[in-house]
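Numbering (this note's numbering), first residue to last: 5 to 290.
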């Protein structure tokens with residue numbers, strides 16, 4: 005590495021014009037590539053020939069879309085997009101860890117649906133356009149988007165292992181995305197009490213996901229949010245000892261009976277009393 009004084013030379017080595025703005029110790033701005041105009045216009049543009057920049061480092065394809073999502077708005081630079089599409093077939097040899105690091109940074113940004121759609125049109129990603137529409141709705145609904153919720157939407161019916169291997173996503177993010185998808189599906193089916201009992205507060209992450217996937221009206225969303233805000237999930241008041249005292253023997257039949265009673269209690273909205281459930285135990289005993 006060598007230090008120099010030619011800011012123009014340094015600027016031409018960088019990837020995007022908006023990364024080539026300089027400021028001296030007195031606060032004076034140096035803009036050798038007219039980058040400030042691109043910044044004002046929210047335009048993410050390669051420095052020089054986009055194909056040359058991408059040939060130097062193909063990971064810049066992902067960086068182009070990340071900066072487009074963070075600084076460029078919903079319309080990408082056409083010349084840059086065309087270059088990324090030309091290089092889309094040459095990304096297979098990039099380490100998955102580096103791709104994953106870029107994708108996690110993209111997924112952490114406030115608005116990404118439009119950018120992911122650009123990446124799909126450029127053949128960088130292969131995502132369902134309908135799911136991208138749901139993702140855009142999700143971003144409009146929620147003020148605090150999460151990586152796991154976004155992944156839950158884009159998964160559709162796909163197995164999480166595909167994204168885990170492609171992007172080297174962490175096990176915790178993948179596990180939460182699968183759980184969010186399941187909670188959202190429960191909500192869509194109206195199984196709110198089951199979702200609450202099984203997943204607890206994760207439901208608040210899944211609620212806007214369910215609304216976006218099912219295209220709920222604002223009233224539907226607010227009514228469901230009100231249901232969750234008013235919901236109190238108690239502890240299941242029956243244990244295996246209760247069944248033993250009622251005459252059950254240790255074994256699989258006891259476990260089956262306990263699970264069935266628990267399911268009925270959840271289905272009732274946790275309204276079945278302990279006494280009512282003890283009466284149901286007698287039915288299992290015949």
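We put the CB at the ideal spot given by N, CA and C, even for glycine. Values in this document were obtained by computation on a predicted structure and should not be read as measured data.
Length of the line joining the Cα atoms of residue i and residue j
i, j, result
"residue 195", "residue 223", "19 Å"
"residue 73", "residue 284", "57 Å"
"residue 173", "residue 112", "13 Å"
"residue 140", "residue 262", "43 Å"
"residue 171", "residue 94", "16 Å"
"residue 117", "residue 131", "11 Å"
"residue 122", "residue 91", "14 Å"
"residue 274", "residue 197", "8 Å"
"residue 89", "residue 127", "6 Å"
"residue 115", "residue 164", "22 Å"
"residue 55", "residue 18", "14 Å"
"residue 87", "residue 40", "23 Å"
Rounded distance between the beta-carbons of residue j and residue i, thought under 8 Å
i, j, result
"residue 152", "residue 192", "At roughly 17 Å, the Cβ-Cβ gap does not stay under 8 Å, so residue 152 and residue 192 are not in contact."
"residue 138", "residue 184", "That pair is no contact at about 13 Å."
"residue 136", "residue 120", "6 Å"
CB contact flag (residue i, residue j, <8 Å)
i, j, result
"residue 188", "residue 148", "no"
"residue 216", "residue 142", "yes"
"residue 26", "residue 145", "no"
"residue 237", "residue 203", "no"
"residue 220", "residue 240", "no"
"residue 250", "residue 211", "no"
"residue 124", "residue 110", "no"
"residue 159", "residue 181", "yes"
Burial state of residue i (16 or more Cβ within 10 Å)
i, result
"residue 199", "buried"
"residue 53", "exposed"
"residue 287", "exposed"
"residue 281", "buried"
"residue 233", "exposed"
"residue 28", "exposed"
"residue 190", "buried"
"residue 168", "buried"
Report task. Pair every Cβ in the segment 45-52 with every Cβ in the segment 63-73, then say whether three or more of these pairs are closer than 8 Å. Result -> By the Cβ criterion, the segment 45-52 is in contact with the segment 63-73, since at least three pairs of Cβ atoms, one from each stretch, lie closer than 8 Å.
Query raised in the report: Is the segment 28-37 close to the segment 78-91, with three or more CB pairs under 8 Å?
Result: Under the 8 Å Cβ criterion, the segment 28-37 does not count as touching the segment 78-91, having fewer than three qualifying pairs.
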